[in-house]
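So the sequence shown is numbered by the numbering used here: it starts at 89 and just counts up by one.
For every residue, glycine included, the Cβ atom is placed at its ideal position computed from N, Cα and C.
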Amino acid sequence: MIHNEPEKLIFEQGSAGRIGVDLPEIPSDLKVLPRKLLQTRGELEGFPEVSEPEMIRHYTRLSQKNVGVDGTFYPLGSCTMKHNPRMNERVASMKGWTGLHPYMPVSETQSAFKMLFEFEQMMNEICGMDAFTLNPVAGSHGELTGLKIIRAAFRARGEKREKVLIPTSAHGTNPASAVLAGFTPINIEVDPDGSVNIEALEKVLDENVAAMMITNPSTLGLFETNIKKIADMLHAKGAYLYCDGANLNALVGKARPGDMGFDVIQTNTHKTFSTPHGGGGPGAGPVGVKKELIPFLPCPRIIKDKDGRFAPYFDKQSIGRIHSHYGNFLVLLRAYVYLRTMGDKGLRDVAEAAVLNANYLRVSLAALGYKVPFNRPCMHECLLSEENMPKGVVTLDVAKRLIDKGFHPMTIYFPLTVHGAMLIEPTETETKETLDEFIKAMGEVLEESKETPDLLHEAPHITPVQRVNEAEANHPKKLNLRWKKQ
Ligand SMILES: Cc1ncc(COP(=O)(O)O)c(C=O)c1O
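Shown next, in the form of structure tokens:
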């Protein structure tokens, strides 16, 4: 109910801890809700009475307890915590965009369709693909969409293939998406240098394989050097090569997955195109395909007719809708603004700086004494293991001590194939000065691990909450995880 006397509502307070306000008479013809459900007196039990400055200070203090990339270096590997330019936000909050409704007549939403159409063209160019759907709302949602497209293509060919091959270094969402799409995921080992083991692939590759999902660059931060050979092997068996393109930030403007032999790719706009970090959604995970898979793309797609008008299009063979309307429109708009501001030269600079920064950290941290398990140039992120730490000091201790030094920890214990993994992704948006401060802090932590290891074991020392019980934090329902004999 709209009350047009805000002063009355705010200042007519009852006793401490509750605000009592007489609400206006409810009109007898009000049919929206049953009368018995309507509140007759505005009593908000348990709310403290505070002034505006007190309330603002409370929420500001709370927000300062939250660590974010706007406050500190946030080198969370496999998450690409790069700066999101404020220009994206400014454009996405313009009334012309926010006032749109998906059910408005097509004639009134031409600019929105034009933006989506142009964004798709740019994505084709960046990835070397023939068409994109912009409808998926997360990277993982894109994975599921891509695999459903592959499934539909086999169905159209009158084939039912069951297996999807996935290297052991892959992100956990890959096997999960394969299962959701109705396939059986099969693990493929990686070599000691981090690339896919070709013999292991040869052993399982048969006519029942629908696709292989490869993350390139991989979650080990490495470029898959055998990618052309793997593509040929898959294609010779009539299977598709799927690219988890979440790490595209290392390649933008430099190399195109479509040219490497990939048939399908999902991208994560929050990892490459500087949109807010919607891991798992709500974000955007556009999916690109090669020509033969276009008919199976989700609908609607945006096409341009011969008179230059844009319109939604539904293909008979499409896998159908995978999200309402046109996907996460304002997230796509932010990514579009990013691409338009960067241009192709800007994007090339991004990939170069992201890779340079990661290699600067790799070499500098190895020189301090940290173990780098794959000793070859990395791409967007560098990987350490706990192997060189003194006995009794583990990866978790290093991560927690970094908090005391003012840094958000790196990703730890992922990828699973490396014991005590520390995955560090600096991104292109960090300066050399910041990287040097981080290297200095990592050097201090290594020294402390030898001289005063308890400083690490008891870290963090400066946060309101110290160490939490990880099992309980991840399983708030307090699952009984004890081993039971059958
Ligand atoms: C390699 C890789 N694949 C898939 C995903 C899943 O993407 P999303 O979090 O958008 O669902 C991520 C997440 O960052 C990732 O790093």
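task = May I ask you to report which of helix, strand or coil DSSP gives Ala454?
result = The residue given as residue 454 occupies position 366 in the sequence shown. Helix, per DSSP.
message = Tell me the rounded alpha-carbon separation between His563 and Met300.
response = Position 475 of the sequence shown, counting from 1, holds the residue named residue 563. Position 212 of the sequence shown, counting from 1, holds the residue named residue 300. Taking the straight line joining both Cα atoms gives about 32 Å.
query = Looking at Thr303 and ligand 1, is the gap between the Cβ and the nearest heavy atom below 7 Å?
reply = Taking the sequence shown and counting its residues from 1, the one referred to as residue 303 is at position 215. Correct: Thr303 has its Cβ closer than 7 Å to ligand 1.
Any heavy atom of ligand 1 within less than 7 Å of residue CB: hits in chain order = Ser166, Cys167, Ala226, Gly227, Ser228, His229, Glu231, His259, Thr261, Asn262, Thr303, Thr307, Asp332, Ala334, Asn335, Asn356, His358, Lys359, Gly366, Gly367, Gly368, Gly369, Gly371, Gly373
task = To the nearest angstrom, report how far apart Arg428 and Trp571 are at their CA atoms.
result = Position 340 of the sequence shown, counted from the start, is the residue given in the question as residue 428. Position 483 of the sequence shown, counted from the start, is the residue given in the question as residue 571. Rounded to whole angstroms, Arg428 to Trp571 spans 55 Å at the Cα level.
key: Contiguous beta strand (DSSP E) assignments of at least 3 residues, all confined to the stretch 223 to 283   = 251 to 255, 272 to 276
ask   = Looking at the structure shown, is Ala219 part of a helix, part of a strand, or coil, going by DSSP?
value = Numbered from its first residue, the sequence shown carries residue 219 at position 131. Three-state result, Ala219: strand.
When Ile315, Val138, Val553, Tyr191 are compared against Leu289, the one with the closest alpha-carbon = Residue 289 sits at position 201 when you count from the first residue of the sequence shown. With distances taken between Cα atoms, Leu289 lies closest to Ile315.
query = What residues in its chain sit with their C-beta under 8 Å from that of Phe242, if we drop five residues either side in the sequence?
reply = Translated into positions along the sequence shown, residue 242 becomes position 154. Same-chain partners within the cutoff: Lys248, Arg249, Ala298.
inquiry  = Taking the straight line between their C-alpha atoms, what separation do you get for Lys433 and Asn172?
reply    = For the purposes of this step, residue 433 is taken as the residue at position 345 of the sequence shown. For the purposes of this step, residue 172 is taken as the residue at position 84 of the sequence shown. About 19 Å.
inquiry  = Let me make sure I understand the geometry here. Which of Gln198, Thr517, Glu213, Asn176 has the alpha-carbon closest to that of Arg397?
reply    = Position 309 of the sequence shown, counting from 1, holds the residue named residue 397. Here the closest residue by C-alpha is Gln198.
ask   = Is the closest heavy atom of ligand 3 to the C-beta of Glu535 under 7 Å?
value = Ligand 3 is not part of this structure, which contains only ligand 1.
task = Name, in chain order, the residues that DSSP records as bridge partners for Gln354.
result = Position 266 of the sequence shown, counted from the first residue, corresponds to residue 354. Partner(s): Asp332, Val375.
query = For Thr303, which beta-bridge partners are listed by DSSP?
reply = Here residue 303 refers to the residue found at position 215 when the sequence shown is read from its first residue. Answer is Asp332.
Selection from Gly480, Lys528, Glu521 that minimises the alpha carbon distance to Pro541 = Counting from 1 along the sequence shown, the entry for residue 541 is found at position 453. The candidate whose alpha carbon is nearest that of Pro541 is Gly480.
inquiry  = Please report the distance separating the alpha-carbon of Met477 from that of Leu471.
reply    = Working through the sequence shown from its first residue, we reach residue 477 at position 389. Working through the sequence shown from its first residue, we reach residue 471 at position 383. Their backbone Cα atoms lie some 15 Å apart in a straight line.
inquiry  = For the stretch 527 to 539 against the stretch 183 to 190, do three or more pairs of beta-carbon atoms, one drawn from each stretch, fall closer than 8 Å, so that the two count as touching?
reply    = no
message = Taking the straight line between their C-alpha atoms, what separation do you get for Pro141 and Asp437?
response = Stepping through the sequence shown from its first residue, residue 141 is reached at position 53. Stepping through the sequence shown from its first residue, residue 437 is reached at position 349. In a straight line, the C-alpha of Pro141 is about 44 Å away from that of Asp437.
request  = With a cut-off of 8 Å on the beta carbons, I'd call Leu354 and Val375 a contact; round off their distance for me.
outcome  = Here residue 354 is taken as the residue at index 266 of the sequence shown, counted from 1. Here residue 375 is taken as the residue at index 287 of the sequence shown, counted from 1. Here the sequence assigns Gln to residue 354, which means Leu is not the residue at that position. 5 Å between Cβ atoms; contact.
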